[in-house]
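**Q**
Number of protein chains: 2
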Amino acid sequence: METLGERKIIELILEELELMPNMLVPFGDDVSAYPLNKGELAILKTDMLVGKTDVPPGMSLWQAARKAVVMNVSDFAAKGVKPLAILVSLGLPRSFTSKDIKEIGKGLNAGAREYGAYVIGGDTNEASDLVISLSVFGIAKKNKVKLRSGARVGDLVAVTGFFGKTTAGLKILLENLKANGEIRKVLVGSVLMPRARLKEGLALNETDAVTASIDSSDGLAWSLHEIAKASNVGFLINQLPVAEEVKKFAEVNGLDPLELALYGGEEYELVVTIKPELWSKAETAVAKVGGRLLLIGKVIAGKSVFLEVDGKRYIVKPKGWEHFRGGNV
Amino acid sequence: METLGERKIIELILEELELMPNMLVPFGDDVSAYPLNKGELAILKTDMLVGKTDVPPGMSLWQAARKAVVMNVSDFAAKGVKPLAILVSLGLPRSFTSKDIKEIGKGLNAGAREYGAYVIGGDTNEASDLVISLSVFGIAKKNKVKLRSGARVGDLVAVTGFFGKTTAGLKILLENLKANGEIRKVLVGSVLMPRARLKEGLALNETDAVTASIDSSDGLAWSLHEIAKASNVGFLINQLPVAEEVKKFAEVNGLDPLELALYGGEEYELVVTIKPELWSKAETAVAKVGGRLLLIGKVIAGKSVFLEVDGKRYIVKPKGWEHFRGGNV
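Chains V and S, in that order, are what the protein sequence lines are. For the first sequence, my numbering puts the final residue at 329, and the numbers step up evenly by one. For the second sequence, my numbering puts the final residue at 658, and the numbers step up evenly by one.
Right, dumping it as structure tokens:
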């Protein structure tokens, strides 16, 4: 894995697969689709949480199980689709007790209900690692699934929150970096109790303002490059929203807050491109459901992602935090 | 896991889940369902293959990946539903090479295409074990999903093939038991290249003859007890179809062929109960698609499963081969 990397592995497997004719959502986007009657699509998504790479020290089993749901729901949020039903496939180490299992059950249920879905089935197996593999089902209208590929030059770029908290939180949990009381709580909390921006994603999808959408689970830089690649565009980011707590954490620990915000991961904000003429409609829709839409830049020609700070342009690299042990790619 | 057992774990998790209202396929059956428009159901299934418990020595990665598909398709076959699309979530050890990954990709594709389905998405992760977690999607008419719960006293009991081959094959692969040339090939082959009885399951579902259905992946005895429990009936099995190769293998190794046939696993025959008046219709339907429907007994009152041999009745216990290392439950 380390030598090959996730993206290379996916590429190798894709080469071996016979493609379903008329795929309405292409491989590599955040969900998959199968056509139903009357212009509807079955939306399907699977994502696996693995103990040793996705569960940092300090995260309870309840939190890990809930996080497995959030990871999957976040992709539904990015596509603007409501998750309806969840199947759970568990790999459990032999050492797990009844109490551990109950905690996992409670966490799964809490995550599902938090986003209006139900766990409706699954199976369980013995494994060396804790493995929580979920598959999520939803229904969408044919042209109402927001892909990565629709961004056009001139579109605005926006996100649903401030960045860098989970990266800072992970550095506290994994590398024992310093942070005092309240700040530590916020940063670590962002890792242990992530939230999917489902309300925001559904509200945005109602407006028809969004041209491309992704979540930031592999980091903001990575997400921007994914949209850039799928849409064949570039980005100029000139208002990078770094969380206040991250600025303070960076100062105390001698880190670059922009790096923390750009090259993070395990962060579940939405990253969207918006038709300029529908900006205020989109902003209002997100505000109505209690969220925020933050303008961070615009779509430009080319394939590069630039960050502009104090009038200077920097290249944003296509890298992110690929799991705790995998390091950056 | 060993101390708790799969069934206990599932029970513990179920206690923590809030049930979706109006579940049309209950928890514990082989697939799950979500209502679509016009009396249709989305049929969903997830099942995980784990290297250390599901891949015996001698099985290639291509075969393991294909088996992961067969395991899932077999449950669709039992319910009489065509699998349409498959999502794959992979956990891969770091040591895996490009060649290994390609082999997995080829095996997944071969399995999917063998049963008319396509792999349409997935994700990949690092894990200690090989983990191939599939989720399968299909569409069924509301009253055309064959549950475990419909068997009635007087129904006939039938299976789609002869039993004991995989158990004997696993004993050859795992315990080095003896078998000569051709017999060894058949028995080991049944483990390495299992086949789901999809054609048979779909053909049976067309007839309306089936009242309850399950596959025999946890062994014939276990499957009969599962239908017994769900349908609140008992069974009298008086024509247990033991494969010829298994009889010979049992003789050479001093084993009981009936035990091998009853208490096996990793065997993907269908076990169905049939309305007596529609028996020949069912038999013909299966024959038309190139399969066989073997009458093995009948549904009786009570909760016990009996085996009748030479006029004597024996109790069939609710046990099976629960994975290679888990031992019998």
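The beta carbon of each residue, even a glycine, is placed where N, CA and C say it ideally should be. Treat the numbers as computed from the prediction; the structure is a model and nothing was measured.
Is DSSP giving Gly161(V) helix, strand or coil here?
**A** Residue state, collapsed to three classes: coil.
**Q** Let's test the definition: count the other Cβ atoms within 10 Å of the Cβ of Pro385(S) and tell me whether it reaches 16, buried, or not, exposed.
**A** Counting Cβ neighbours within 10 Å, Pro385(S) comes out buried, since at least 16 surround it.
**Q** Checking contacts by CB at 8 Å: is Lys471(S) closer than that to chain V?
**A** No, no contact with chain V.
**Q** Between Tyr34(V) and chain S, is there a C-beta pair that is closer than 8 Å?
**A** So, interface residue.
**Q** Can you list the residues of chain V that Ala487(S) reaches, using a CB-CB cut of under 7 Å?
**A** In chain order: nothing, as chain V lies at least about 26 Å away.
**Q** Which whole runs of the beta strand (DSSP E) in the region 502-590 of chain S are 3 residues long or more, in chain order?
**A** Counting only runs of 3 or more, we get 539-544, 563-566.
**Q** Please confirm whether Asn238(V) has its beta-carbon closer than 8 Å to some beta-carbon of chain S.
**A** No, because no Cβ of chain S sits closer than 8 Å to the Cβ of Asn238(V).
**Q** Is Asp123(V) near Asp376(S), with beta carbons less than 8 Å apart?
**A** Closer than 8 Å, so yes.
**Q** Span of the alpha helix (DSSP H) holding Arg113(V)?
**A** It spans 98-114 - the alpha helix (DSSP H) in which Arg113(V) sits, taken as one unbroken run.
**Q** Helix, strand or coil: how does DSSP classify Asn143(V) here?
**A** Coil, per DSSP.
**Q** Using a Cβ cut-off of 7 Å, which residues of the region 119-140 of chain V contact any Cβ in chain B, in chain order?
**A** The displayed structure is made up of protein chains V and S, and chain B is not among them.
**Q** Could you pull the DSSP bridge partners for Val417(S) from this structure?
**A** In the DSSP output, where bridge partners are listed per residue, Val417(S) has Gly451(S), Leu463(S).
**Q** Answer yes or no: do Ala541(S) and Leu476(S) have a C-beta to C-beta separation smaller than 8 Å?
**A** For Ala541(S) and Leu476(S), yes; Cβs fall inside 8 Å.
**Q** Could you tell me the boundaries of the beta strand (DSSP E) in which Glu40(V) lies?
**A** Glu40(V) -> beta strand (DSSP E) spans 40-50.
**Q** Am I right that Met400(S) and Ser546(S) are in contact with their C-beta atoms under 8 Å? What's the rounded C-beta distance?
**A** Contact holds; Cβ gap of about 7 Å.
**Q** Are at least three pairs of beta-carbons, each pair with one atom in the region 452-469 of chain S and one in the region 401-417 of chain S, less than 8 Å apart?
**A** Yes, the region 452-469 of chain S touches the region 401-417 of chain S.
**Q** Should Thr489(S) go down as buried or exposed, given a rule of 16 or more other Cβ atoms within 10 Å for buried?
**A** Burial call: buried.
**Q** Using the three-state DSSP reduction, which class does Gly297(V) fall into: helix, strand or coil?
**A** Here Gly297(V) sits in strand by DSSP.
**Q** In terms of residues, what are the limits of the beta strand (DSSP E) holding Ser32(V)?
**A** Here the beta strand (DSSP E) through Ser32(V) covers 32-35.
**Q** Quick one: what's got a C-beta closer than 6 Å to Ala209(V)'s C-beta in the same chain, skipping five residues either side?
**A** So the list reads Ile274, Lys275, Leu278, Lys281, Ala282, once near-sequence residues are dropped.
**Q** With DSSP collapsed to three states, give me the class of Val618(S).
**A** Three-state result, Val618(S): coil.
**Q** Using a Cβ cut-off of 9 Å, pull out every chain S residue sitting near Glu267(V), in sequence order please.
**A** Simply none; closest approach about 17 Å.
**Q** Classify Asn454(S): buried if its beta carbon has 16 or more other beta carbons within 10 angstroms, exposed otherwise.
**A** Answer is buried; the Cβ neighbour count reaches 16.
**Q** Does chain V have any CB closer than 8 Å to the CB of Leu416(S)?
**A** Yes, contact with chain V.
**Q** Considering only DSSP beta bridges, list what Glu11(V) is partnered with.
**A** Paired residue(s): none; Glu11(V) is not in a bridge.
**Q** Please confirm whether Asn366(S) has its beta-carbon closer than 8 Å to some beta-carbon of chain V.
**A** So, interface residue.
**Q** Lys428(S) to Leu19(V), Cα distance in whole Å?
**A** Their backbone Cα atoms lie some 21 Å apart in a straight line.
**Q** In chain V, which residues lie with their C-beta within 9 Å of the C-beta of Ala630(S)?
**A** Residues of chain V passing the Cβ test: none, with the nearest at roughly 30 Å.
**Q** Need the endpoints of the beta strand (DSSP E) that Lys632(S) sits in, please.
**A** Taken as a continuous stretch (DSSP letters only), Lys632(S) belongs to no beta strand (DSSP E), as it is neither H nor E.
**Q** Taking only beta carbons into account, state which residues of the region 37-70 of chain V come closer than 9 Å to chain S, listed in chain order.
**A** So the list reads Asn37, Lys38, Glu40, Ala42, Leu44, Lys45, Thr46, Asp47, Met48, Leu49, Val50, Gly51, Lys52, Thr53, Asp54, given in the order they occur along the chain.
**Q** Using C-beta distances below 8 Å, list every residue in its chain close to Lys471(S), excluding the 5 sequence neighbours before and after it, in chain order.
**A** Excluding sequence neighbours, Lys471(S) sits near Leu353, Pro364, Gly368, Glu369, Leu370.
**Q** Suppose contacts are defined by Cβ-Cβ distances below 8 Å. Is Glu535(S) in contact with Leu599(S) by that definition?
**A** No. Outside cutoff.
**Q** In chain S, what lies closer than 7 Å to Phe27(V) by C-beta?
**A** Simply Gly450.
**Q** Based on Cα-Cα distance, which residue from Ile461(S), Glu340(S), Glu504(S), Leu533(S) lies nearest to Ala393(S)?
**A** Here the closest residue by C-alpha is Ile461(S).
**Q** Could you give the DSSP three-state label for Lys408(S): helix, strand or coil?
**A** If DSSP states are grouped into helix, strand and coil, Lys408(S) belongs with the helices.
**Q** Exposed or buried, what is Lys79(V) when buried is set at 16 or more other beta-carbons lying within 10 Å of its beta-carbon?
**A** So Lys79(V) ends up on the buried side.
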